[in-house]
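> Residue 229 in UniProt numbering sits at position 229 of the sequence shown; the count goes up by one each step and never skips.
Where a beta carbon is used, it is the ideal one built from N, C-alpha and C, also for glycine.
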Amino acid sequence: MRKWVLSGILATEETYLSHLEALLLPMKPLKAAATTSQPVLTVSQIETIFFKVPELYEIHKEFYDGLLPRVQQWSHHQRVGDLFQKLFNHINNYPVDRVTRSTLVLHDLLKHTPTSHPDHPLLQDALRISQNFLSSINEESTPRRQSMTVKKGENRQLLRDSFMVELVEGARKLRHVFLFTDLLLCAKLKKQIGGKNQQYDSKWYIPLTELTFQGPEETEPLTIPQVPDEELDAMKVKISHLRSEILREKRANKGSKVIDRLRKKLSEQESLLLLTSPSMPLRVYNKNGKSYGFLISSDYERAEWKDMIKEQQKKCKCFKTSSLTSMELQMLTNSCVKLQTVHHMPLSINKEEDESPGLCGFLNVIVHSASGLKQSLNLYCTLEVDSFGFFSNKAKTRVYRYTTEPKWNEEFEIELEGSQTLRLLCYEKCYNKTKQNKEDGESADRIMGKGQIQLDPQTLQGKDWQRTVIPMNGIEVKLSMKFTSREFSLKRMPSRKPMGVFGVKISTVTKRERSKVPYIVRQCLEEIERRGMEEVGIYRVSGVATDIQALKTAFDTNNKDVSVMMSEMDVNAIAGTLKLYFRELPEPLFTDELYPNFAGGITLSDSVAKESCMLNLLLSLPEPNLVTFLFLLDHLKRVAEKESVNKMSLHNLATVFGPTLLRPAEKDSKIPANPTQPISMGDSWSLEVMAQVQVLLYFLQLETIPTPDSKRQSILFSTEV
Numbered sequence: 001m002r003k004w005v006l007s008g009i010l011a012t013e014e015t016y017l018s019h020l021e022a023l024l025l026p027m028k029p030l031k032a033a034a035t036t037s038q039p040v041l042t043v044s045q046i047e048t049i050f051f052k053v054p055e056l057y058e059i060h061k062e063f064y065d066g067l068l069p070r071v072q073q074w075s076h077h078q079r080v081g082d083l084f085q086k087l088f089n090h091i092n093n094y095p096v097d098r099v100t101r102s103t104l105v106l107h108d109l110l111k112h113t114p115t116s117h118p119d120h121p122l123l124q125d126a127l128r129i130s131q132n133f134l135s136s137i138n139e140e141s142t143p144r145r146q147s148m149t150v151k152k153g154e155n156r157q158l159l160r161d162s163f164m165v166e167l168v169e170g171a172r173k174l175r176h177v178f179l180f181t182d183l184l185l186c187a188k189l190k191k192q193i194g195g196k197n198q199q200y201d202s203k204w205y206i207p208l209t210e211l212t213f214q215g216p217e218e219t220e221p222l223t224i225p226q227v228p229d230e231e232l233d234a235m236k237v238k239i240s241h242l243r244s245e246i247l248r249e250k251r252a253n254k255g256s257k258v259i260d261r262l263r264k265k266l267s268e269q270e271s272l273l274l275l276t277s278p279s280m281p282l283r284v285y286n287k288n289g290k291s292y293g294f295l296i297s298s299d300y301e302r303a304e305w306k307d308m309i310k311e312q313q314k315k316c317k318c319f320k321t322s323s324l325t326s327m328e329l330q331m332l333t334n335s336c337v338k339l340q341t342v343h344h345m346p347l348s349i350n351k352e353e354d355e356s357p358g359l360c361g362f363l364n365v366i367v368h369s370a371s372g373l374k375q376s377l378n379l380y381c382t383l384e385v386d387s388f389g390f391f392s393n394k395a396k397t398r399v400y401r402y403t404t405e406p407k408w409n410e411e412f413e414i415e416l417e418g419s420q421t422l423r424l425l426c427y428e429k430c431y432n433k434t435k436q437n438k439e440d441g442e443s444a445d446r447i448m449g450k451g452q453i454q455l456d457p458q459t460l461q462g463k464d465w466q467r468t469v470i471p472m473n474g475i476e477v478k479l480s481m482k483f484t485s486r487e488f489s490l491k492r493m494p495s496r497k498p499m500g501v502f503g504v505k506i507s508t509v510t511k512r513e514r515s516k517v518p519y520i521v522r523q524c525l526e527e528i529e530r531r532g533m534e535e536v537g538i539y540r541v542s543g544v545a546t547d548i549q550a551l552k553t554a555f556d557t558n559n560k561d562v563s564v565m566m567s568e569m570d571v572n573a574i575a576g577t578l579k580l581y582f583r584e585l586p587e588p589l590f591t592d593e594l595y596p597n598f599a600g601g602i603t604l605s606d607s608v609a610k611e612s613c614m615l616n617l618l619l620s621l622p623e624p625n626l627v628t629f630l631f632l633l634d635h636l637k638r639v640a641e642k643e644s645v646n647k648m649s650l651h652n653l654a655t656v657f658g659p660t661l662l663r664p665a666e667k668d669s670k671i672p673a674n675p676t677q678p679i680s681m682g683d684s685w686s687l688e689v690m691a692q693v694q695v696l697l698y699f700l701q702l703e704t705i706p707t708p709d710s711k712r713q714s715i716l717f718s719t720e721v
């Protein structure tokens with residue numbers, strides 16, 4: 001991935017150099033003419049027009065000539081940070097927009113450079129130089145510093161900082177956390193009044209020599225206040241609305257006051273989403289056993305913080321950090337304004353509105369193999385992707401037993417919603433039940449490595465598989481990826497196999513089978529009820545695509561051994577087969593004809609009118625559709641009853657199944673089809689999907705659904721449906 005980023009930098013530098021060369025061509029004759037009796041331009045005018053162009057050309061030519069051979073002779077241990085340091089030492093010659101772009105590129109490069117890599121400190125130093133320069137441009141006060149001197153003449157440097165959610169007496173509080181070379185500082189951003197500069201209040205700090213992740217035995221587990229999924233969805237809907245409004249106002253060239261007001265509302269919603277979304281605990285303790293708890297969005301992020309702190313603790317064992325005086329603490333806190341590297345909340349949507357909104361559609365990922373392991377282990381991988389700035393686990397490979405070279409070769413289909421990054425974590429499976437490293441719900445399985453890759457729309461636009469390698473702590477995992485944008489994945493294509501099951505009308509299948517509910521639905525639900533009700537993330541975590549395709553073929557060909565195949569497969573593959581069946585119906589279960597009425601009915605504010613409307617619409621469905629839906633509905637309610645174990649609430653299930661059961665065929669969808677542009681989070685599909693989720697959630701939350709069919713109960717629970 002580092003090579004891919006650097007290749008992009010080389011291409012950009014080549015273009016920039018050609019532009020500078022084009023500027024240098026007319027400069028020499030103009031300078032020569034300036035000394036004649038009839039000059040085209042004066043010397044002063046030439047110096048103004050071609051300000052520092054020769055210097056910029058020399059600086060970038062030297063950088064390009066140094067970088068090119070290193071990329072051509074690439075190895076994972078290759079260093080390039082010294083070139084960036086040298087480049088940024090001439091930063092005063094730079095146009096500000098060029099520095100800004102280069103800073104963003106450095107951020108990308110650092111993301112894909114492990115902290116243990118010799119290049120990491122060099123790149124960090126180059127980043128600090130560029131940020132100091134930008135700070136001195138944007139602020140009237142003194143430029144940002146890279147470090148501050150402590151008593152003994154040592155430099156205290158900032159290693160990492162981030163917005164995080166702290167749990168304080170059961171309440172969520174937004175904090176800015178700073179990891180220095182010798183301590184961890186938790187601060188609160190003060191409200192700005194009357195145009196004053198940004199300021200921090202210190203909440204607490206722990207010297208790294210006194211920090212531990214393992215608390216006293218009597219420590220009580222963290223009680224995490226959960227925010228209902230419906231509220232989180234409402235925030236996302238508001239954010240989508242606001243982003244669409246800002247884009248409309250910008251296109252209409254409306255006044256900046258209107259746009260500023262909308263951006264302020266957007267910032268408020270983003271802050272609220274950041275505060276309420278994370279739910280994965282990270283707890284640290286001081287030497288007295290006092291604990292401080294944070295909430296993180298993913299296992300990857302939690303591991304990043306832990307790894308960086310532990311790595312730095314090894315380095316600072318040789319000296320003891322004395323407690324800070326109140327004056328020293330105040331000075332340190334004040335310095336954070338200059339030292340901070342994170343200025344905005346970590347939402348993918350918190351950026352310029354015309355930037356790439358991320359990918360929407362389906363990403364097929366094949367996890368091939370891993371190499372570089374020094375001992376035989378039981379290994380598996382998980383895949384995380386982001387949506388609205390937060391990461392969630394989307395897929396998990398099987399455990400490859402006791403090997404140094406696991407070959408999973410497993411394919412997964414992952415739904416993307418404005419996603420920009422794919423993360424991969426490699427775990428060693430722990431089979432020792434007595435091993436006590438589970439704290440605050442953390443898995444006993446050990447993270448062996450982690451890495452991530454940017455989901456670049458240009459790279460993934462083609463139909464071919466893209467092969468890549470993710471390096472992590474000496475381990476390399478090989479992947480292949482292929483992306484299908486949402487406008488193509490929305491198509492409901494009728495099957496060319498009329499005697500099959502997938503892509504065939506549900507009425508045709510039930511009539512042929514002489515059943516009320518298709519055999520595939522009954523078989524999948526029966527197997528999931530038998531052994532999948534307590535599976536964490538059932539229906540949310542992707543199954544292996546090859547297993548799903550094998551089951552699809554078995555059902556389509558009426559294979560008599562399908563039940564035996566299912567009993568031997570991972571339960572997530574069976575759940576994936578069921579979702580695929582509903583997704584590939586030529587017409588959604590709720591029908592194209594009634595879909596607009598369901599979407600309208602769910603928006604009614606009067607609860608009595610809404611219930612009457614929604615139930616009448618439901619009972620208007622064709623009989624096979626209605627009975628199949630009620631059969632599925634009862635099953636999903638039973639899944640949600642196990643939420644404390646499987647982590648699948650009614651809302652989570654509605655999010656998974658809503659679009660699958662309601663999404664109309666492409667011709668009836670309001671979603672624009674434009675294969676060259678990824679659909680943005682603010683476009684109509686986002687709001688349409690939210691409506692589909694709300695329709696299914698409404699029926700899931702109804703205690704009973706009256707139906708004229710008095711035999712409903714016997715139908716639903718009979719094996720002869």
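1. Return yes when the Cβ of T628 is within less than 8 Å of the Cβ of V517, no when it is not.
2. With a CB to CB cut of under 7 Å and the five nearest residues on each side skipped, what residues in its chain are close to V71?
3. What's the gap between the Cα of K265 and the Cα of M235?
4. Output the distance between the C-alpha atoms of P498 and K505, rounded to the nearest integer angstrom.
5. Quick one: measure Cβ to Cβ for F631 and V521, integer angstroms, because I've assumed they're closer than 8 Å.
6. Grab the span of the alpha helix (DSSP H) containing N473 for me, first residue to last.
7. Can you tell me whether residue 730 is buried or exposed? The criterion is at least 16 other CB atoms within 10 Å of its CB, across all chains shown.
8. Over what stretch of residues does the beta strand (DSSP E) that includes M499 continue unbroken?
9. Whole angstroms are fine: how far does the CA of V541 sit from the CA of residue 727?
10. Identify the continuous beta strand (DSSP E) that holds A171 and give its terminal residues.
11. Could you name the residues of the same chain whose beta carbon sits closer than 7 Å to that of S563, not counting the 5 residues immediately before and after it, in chain order?
12. Can C426 and V477 be called in contact, C-beta distance under 8 Å?
13. Can you tell me which of the three DSSP states E13 falls into?
14. Closer than 8 Å by C-beta to H67: which residues in its own chain qualify, once you throw out the five before and the five after it? Chain order, please.
15. I need the boundaries of the alpha helix (DSSP H) containing L578, first residue and last residue.
16. Taking all protein chains shown into account, decide if G170 is buried (16 or more other Cβ within 10 angstroms of its Cβ) or exposed.
17. Decide if the segment 234 to 254 is in contact with the segment 184 to 191; the criterion is three or more beta carbon pairs, one per stretch, under 8 Å apart.
18. Tell me, which residues are paired with A550 by DSSP?
19. Taking C-beta to C-beta, are W465 and S485 nearer than 8 Å?
20. Please name the residue in D606, K637, Q549, F180 whose C-alpha comes closest to that of M533.
21. Should residue 750 go down as buried or exposed, given a rule of 16 or more other Cβ atoms within 10 Å for buried?
22. Who are the near neighbours of Y16 in its chain, counting only those whose CB is closer than 7 Å to its CB and skipping five residues on each side?
23. Provide the residue(s) that pair with R243 in DSSP beta bridges, ordered along the chain.
24. From N437 to P586, what does the alpha carbon distance come to, in whole angstroms?
25. Can you check DSSP and say which residues form a bridge with W204?
26. Please classify T113 as buried or exposed, where buried requires at least 16 other C-beta atoms within 10 Å of its C-beta.
27. Between which two residues does the beta strand (DSSP E) holding T403 run?
28. Taking C-beta to C-beta, are L697 and H635 nearer than 8 Å?
29. Quick check: is any heavy atom of the ligand ADP less than 7 Å from the C-beta of K257?
30. Please state whether DSSP places V80 in a helix, a strand or coil.
31. Quick one: give me the first and last residue of the alpha helix (DSSP H) that L650 is part of.
32. DSSP on K396, reduced to helix/strand/coil?
33. Just to confirm the assignment, what range does the alpha helix (DSSP H) spanning A303 have?
34. What does Y380 pair with, by DSSP beta-bridge criteria?
35. Go to K407, then tell me how far its beta strand (DSSP E) extends in each direction, as first and last residue.
36. What whole-angstrom Cβ distance do I49 and L179 have, given they're in contact under 8 Å?
Inspection of the coordinates gives the following:
1. Taking the first residue of the sequence shown as position 1, residue 517 is located at position 517. Taking the first residue of the sequence shown as position 1, residue 628 is located at position 628. It is a contact, given that the beta carbons lie within the stated cut-off.
2. Numbered from its first residue, the sequence shown carries residue 71 at position 71. Closer than 7 Å at Cβ, skipping near neighbours: K3, L6, S7, L10.
3. Position 265 of the sequence shown holds residue 265. Position 235 of the sequence shown holds residue 235. So the alpha carbons of these two residues sit roughly 11 Å apart.
4. Within the sequence shown, numbered from 1, the residue matching residue 498 stands at position 498. Within the sequence shown, numbered from 1, the residue matching residue 505 stands at position 505. The straight-line gap from Cα to Cα measures roughly 9 Å.
5. The count along the sequence shown starts at 1 and reaches residue 631 at position 631. The count along the sequence shown starts at 1 and reaches residue 521 at position 521. Confirmed, Cβ separation roughly 7 Å.
6. As a first step, residue 473 is located in the sequence shown; it is residue number 473 there, counting from the start. First-last for N473: undefined, no H or E at that position.
7. Here the chain has residues from 1 to 721 only, and residue 730 is not among them.
8. For this step, residue 499 is matched to residue 499 along the sequence shown. First-last for M499: undefined, no H or E at that position.
9. The question about residue 727 has no answer, for the chain in this structure spans 1 to 721.
10. Counting from one through the sequence shown, the residue named residue 171 turns up at place 171. Start and end: 171 to 180.
11. Indexing the sequence shown from 1 puts residue 563 at position 563. Cβ neighbours of S563 beyond the five flanking positions: Q523.
12. Within the sequence shown, residue 426 is the residue found at index 426, counting from 1. Within the sequence shown, residue 477 is the residue found at index 477, counting from 1. Result yes, Cβ atoms of C426 and V477 sit closer than 8 Å.
13. For this step, residue 13 is matched to residue 13 along the sequence shown. E13: helix per DSSP, three-state reduction.
14. Position 67 of the sequence shown, counted from the first residue, corresponds to residue 67. Looking at the sequence provided, one finds Leu at residue 67 rather than His. Counting only Cβ-Cβ distances below 8 Å, and skipping sequence neighbours, we find L6, I9, L10, E13, V80, L83.
15. On the sequence shown, position 578 is the one that residue 578 refers to. Here the alpha helix (DSSP H) through L578 covers 571 to 583.
16. As a first step, residue 170 must be located in the sequence shown, where it is residue number 170. Label assigned to G170: exposed.
17. no
18. Position 550 of the sequence shown, counted from the first residue, corresponds to residue 550. DSSP lists no partner for A550.
19. Stepping through the sequence shown from its first residue, residue 465 is reached at position 465. Stepping through the sequence shown from its first residue, residue 485 is reached at position 485. Against a cut-off of 8 Å, the Cβ pair of S485 and W465 comes out as no contact.
20. Position 533 of the sequence shown, counted from the start, is the residue given in the question as residue 533. Answer by Cα proximity: K637.
21. Residue 750 lies beyond the residue range present for the chain, which begins at 1 and ends at 721; the question has no answer from this structure.
22. Reading the sequence shown from its first residue, position 16 is the one you call residue 16. Within the same chain, Y16 has close Cβ partners H60.
23. Position 243 of the sequence shown, counted from the first residue, corresponds to residue 243. For R243, which the question treats as bridged, DSSP gives no partner whatsoever.
24. On the sequence shown, position 437 is the one that residue 437 refers to. On the sequence shown, position 586 is the one that residue 586 refers to. Low per-residue confidence applies at N437: pLDDT is 48, beneath 50, and the placement is therefore not dependable, though the value from the model is reported in the following sentence. Rounded to the nearest angstrom, the two C-alpha atoms are 49 Å apart.
25. Working through the sequence shown from its first residue, we reach residue 204 at position 204. Beta-bridge pairing links W204 to C186.
26. As a working mapping, residue 113 is identified with position 113 in the sequence shown. Buried, by the Cβ-count rule.
27. As a first step, residue 403 must be located in the sequence shown, where it is residue number 403. 400 to 403 is the extent of the beta strand (DSSP E) around T403.
28. Translated into the one-based positions of the sequence shown, residue 697 becomes position 697. Translated into the one-based positions of the sequence shown, residue 635 becomes position 635. The answer is no: Cβ separation not under 8 Å.
29. No copy of the ligand ADP occurs in the structure displayed, which carries no ligand at all.
30. Start at 1 with the first residue of the sequence shown, and residue 80 comes out as number 80. V80: coil per DSSP, three-state reduction.
31. Within the sequence shown, numbered from 1, the residue matching residue 650 stands at position 650. Per DSSP, L650 belongs to the alpha helix (DSSP H) from 650 to 662.
32. Position 396 of the sequence shown, counted from the start, is the residue given in the question as residue 396. The answer is strand: DSSP assigns K396 an E or B state.
33. The residue you call residue 303 lines up with position 303 of the sequence shown. Counting along the chain, the alpha helix (DSSP H) containing A303 begins and ends at 299 to 315.
34. The residue given as residue 380 occupies position 380 in the sequence shown. BP columns for Y380 point to Y427.
35. Locating residue 407 in the sequence shown gives position 407, counting from the first residue. Its beta strand (DSSP E) spans residues 407 to 419.
36. The sequence position of residue 49 within the sequence shown is 49, counting from 1. The sequence position of residue 179 within the sequence shown is 179, counting from 1. Actually they do not touch by this definition, with Cβ atoms about 46 Å apart.
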